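Chains as they are written, first to last, in the numbering used here: chain A, 1 to 120; chain B, 121 to 240. Working notes, beginning with the structure itself.
Protein chains: 2
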Amino acid sequence: MSDFDPNSLKFNDQGLIPAIAQDADSHEVLMMAWMNAEAVSRTLETARVTYWSRSRQAFWVKGETSGNVQELVSLRVDCDRDCLLMLVKQTGPACHTGRRTCFYTDVTGGSEIELMTPME
Amino acid sequence: MSDFDPNSLKFNDQGLIPAIAQDADSHEVLMMAWMNAEAVSRTLETARVTYWSRSRQAFWVKGETSGNVQELVSLRVDCDRDCLLMLVKQTGPACHTGRRTCFYTDVTGGSEIELMTPME
């Protein structure tokens with residue numbers, strides 16, 4: 001057991017690391033977005049998942065405007081320290097399209113098939 | 121339903137897209153690595169998960185040397201078309217350390233705790 005320092009992670013040349021959100025109950029993979037070291041710290045401190053928005057160049061507290069927040073249950077680091085996995089309690093849909101998960105399009109058979117519709 | 125073209129994905133400035141591998145049975149998130157368009161095509165054609173190794177700058181057929189192959193069950197694209205999720209049948213450990221998954225270090229409480237040991 002050793003202290004965890006977010007700066008010990010391996011960030012890309014933009015100072016970001018990919019963070020995968022997985023539903024702690026259903027185990028669905030909900031989305032992948034990016035964090036910088038400060039976003040990792042804020043997520044751990046507040047238990048409210050906080051990404052770094054590459055398009056807005058700003059912190060993005062997931063659900064801050066939509067209410068579809070992600071409550072952190074567990075944060076894990078991979079063997080190379082260059083990817084994060086978060087188990088979360090997801091309120092409402094994770095996807096901005098209103099679907100439960102962002103990974104709603106299956107392409108296994110060579111065609112694009114939508115697996116789910118937006119939540120009510 | 122529409123035809124899927126790997127070149128319609130959004131790749132980063134190195135021509136790569138992150139690909140998350142999830143165990144189709146246990147739903148554990150096993151690892152995240154990178155693919156280029158050709159790796160996506162090869163994965164779909166062979167059902168043998170094939171990444172692009174950034175360190176070796178070469179195709180990386182997962183398990184080709186170790187035997188710890190990933191058989192593709194389902195390939196999904198996210199809403200932004202810039203991340204892939206694969207459900208796979210994983211033979212043996214996914215992690216090069218011999219652990220079942222690469223995400224074996226929990227840091228939720230501010231300390232690093234190993235959640236699992238290498239498989240037999």
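Positions of the beta carbon are idealized from the N, C-alpha and C atoms, including for glycine. All values reported here derive from a predicted model rather than from experimental measurement.
CB contact check: residue i to chain A, cutoff 9 Å
{"i": "G230 (chain B)", "result": "yes"}
{"i": "M155 (chain B)", "result": "no"}
{"i": "S186 (chain B)", "result": "no"}
{"i": "D198 (chain B)", "result": "yes"}
{"i": "V169 (chain B)", "result": "no"}
{"i": "T166 (chain B)", "result": "no"}
Beta-ladder partner(s) of residue i, from DSSP
{"i": "E234 (chain B)", "result": "B:T225"}
{"i": "Q90 (chain A)", "result": "A:Q70"}
{"i": "S2 (chain A)", "result": "B:E232"}
{"i": "Q153 (chain A)", "result": "What the structure shows of chain A is the stretch from 1 to 120, and residue 153 (chain A) is not part of that stretch, so it cannot be assessed."}
{"i": "L204 (chain B)", "result": "B:A139, B:V197"}
Any C-beta of chain B under 9 Å from that of residue i
{"i": "F206 (chain A)", "result": "With chain A covering 1 to 120 only, the question about residue 206 (chain A) has no answer from this structure."}
{"i": "F103 (chain A)", "result": "yes"}
{"i": "P18 (chain A)", "result": "yes"}
{"i": "Q22 (chain A)", "result": "yes"}
{"i": "M119 (chain A)", "result": "no"}
Next on the checklist: Please give me, in chain order, every unbroken run of the alpha helix (DSSP H) with length at least 4 that falls completely inside the region 30–77 of chain A.
Outcome noted: 37–46
Checklist entry - If we count Cβ pairs, one from each stretch, closer than 8 Å, do we get three or more for the region 214–221 of chain B versus the region 153–173 of chain B? => result The region 214–221 of chain B and the region 153–173 of chain B do not touch, with fewer than 3 CB-CB distances between them shorter than 8 Å.
Checklist entry - Taking three-plus beta-carbon pairs below 8 Å as touching, is the region 66–84 of chain A in contact with the region 186–206 of chain B? => result no
Item to check | Meets three-Cβ-pair contact criterion under 8 Å: the region 142–150 of chain B and the region 165–173 of chain B | outcome: no
Next on the checklist: With a threshold of 8 Å, are at least 3 pairs of Cβ atoms found where one atom belongs to the region 122–133 of chain B and the other to the region 104–112 of chain A?
Outcome noted: yes
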